[in-house]
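*Asks:* In our numbering, the protein residues as written are 5 to 171.
Note that CB positions come from ideal geometry on N, CA and C, so glycine has one too.
First, the structure itself, so that you have it in front of you.
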Amino acid sequence: MKNTRIHAVAGILAASLVASFLVLSVVVEIVGDHDVIALAKTIILIAVLVLVSSMAFTGATGRRLAARRGGPVIRRKKRRMIAIAAIGVVVLIPCAFVLRQLSAAGDFGPVFVVVQGIELVAGAVNASLLALNIRAGRLMAGHSSRASWRASRKRSRAASKSTMGAG
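Have a look at this one:
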């Protein structure tokens, strides 16, 4: 598998996991069952291992791909990755451990609520930064610009017209 493909898959996996953690946390809080919340926090803590691995692959392949390129888009992607990693290591991973520990002990008091709030905000920031990096990567690969979208629509319309007229 090419580095670009590995980079894309790892980045999308990381973004999907961060988004899934956010959605899961919000949904179980709405449900309000303490056993379900504790289970969700355990699942998130275990899945953090997959997230860290996918982020490592994303960073490693991104550095390898960026070595051949330069420019402001690459610099912005690198800065965002540094912020994503810092937020993950300094905020999100400790929050995951604390929330898992508190929920397993049945402690859903003010400390849990504050740490949960911090985790949700930091997770939303990381999800946004990851989405911006995915968008930048797609634009660099020529997949997401309006011009390429219009061109692909024209090609598909032309193809469907030619197949309709052939029958």
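Among Ile-78, Ala-51 and Gly-146, which residue has its Cα nearest to the Cα of Leu-28?
*Replies:* It is Ala-51.
*Asks:* Does Ala-71 come out as helix, strand or coil in the three-state DSSP assignment?
*Replies:* Ala-71 falls in the coil class under three-state DSSP.
*Asks:* What first and last residue would you give for the alpha helix (DSSP H) that runs through Gly-3?
*Replies:* Nothing can be reported for residue 3, as the shown portion of the chain is limited to 5 through 171.
*Asks:* Could you check whether Lys-81 and Ala-126 sit closer than 7 Å to each other, using their CB atoms as the reference points?
*Replies:* It is not a contact, given that the beta carbons lie outside the stated cut-off.
*Asks:* Closest to Ala-86 by C-alpha separation, out of Leu-17, Met-144, Leu-133 and Ser-20, would be which residue?
*Replies:* Here the sequence assigns Ile to residue 86, which means Ala is not the residue at that position. Checked all of Leu-17, Met-144, Leu-133 and Ser-20; the closest Cα to Ile-86 is Leu-133.
*Asks:* Does the beta-carbon of Lys-45 have 16 or more other beta-carbons within 10 angstroms, so that it is buried, or is it exposed?
*Replies:* Under this definition Lys-45 is a buried residue.
*Asks:* Given a cut-off of 7 Å, decide if Leu-55 and Leu-21 are closer than it, judged by their beta-carbon atoms.
*Replies:* Against a cut-off of 7 Å, the Cβ pair of Leu-55 and Leu-21 comes out as a contact.
*Asks:* Looking only at C-alpha atoms, which of Val-95, Asn-7, Lys-165 and Arg-73 sits nearest to Ala-128?
*Replies:* Ranking Val-95, Asn-7, Lys-165 and Arg-73 by Cα distance to Ala-128 puts Val-95 first.
*Asks:* Just tell me which of Arg-67, Thr-65 and Leu-103 has its CA closest to the CA of Asp-39.
*Replies:* Ranking the options by Cα distance to Asp-39, first place goes to Leu-103.
*Asks:* My output table needs one value for Ala-42: the three-state DSSP class, helix, strand or coil.
*Replies:* Helix, per DSSP.
*Asks:* Determine whether the beta carbon atoms of Ala-89 and Ser-58 lie at a separation below 7 Å.
*Replies:* No, the Cβ-Cβ distance between Ala-89 and Ser-58 is not below 7 Å.
*Asks:* Which same chain residues end up closer than 6 Å to Asn-130 when comparing Cβ atoms and leaving out the 5 residues on each side of it in sequence?
*Replies:* These residues qualify, in order along the chain: Val-22, Ile-88 and Ile-91.
*Asks:* Give me the residue from Gly-113, Glu-123 and Ala-135 with the minimum Cα distance to Val-30.
*Replies:* The shortest C-alpha separation from Val-30 is found at Glu-123.
*Asks:* Please name the residue in Gly-74, Ala-109, Lys-165 and Ala-12 whose C-alpha comes closest to that of Ala-60.
*Replies:* It is Ala-12 whose Cα lies nearest to the Cα of Ala-60.
*Asks:* Cys-99 and Val-115: beta carbons closer than 7 Å?
*Replies:* For Cys-99 and Val-115, no; Cβs fall outside 7 Å.
*Asks:* For Glu-33, collect the residues of the same chain with a Cβ closer than 8 Å to its Cβ; drop the 5 residues on either side in sequence, then sort them by chain order.
*Replies:* Answer for Glu-33: Ile-41 and Gln-120, listed in chain order.
*Asks:* Work out the CA separation of Asp-37 and Leu-136 for me, nearest whole Å.
*Replies:* Rounded to the nearest angstrom, the two C-alpha atoms are 34 Å apart.
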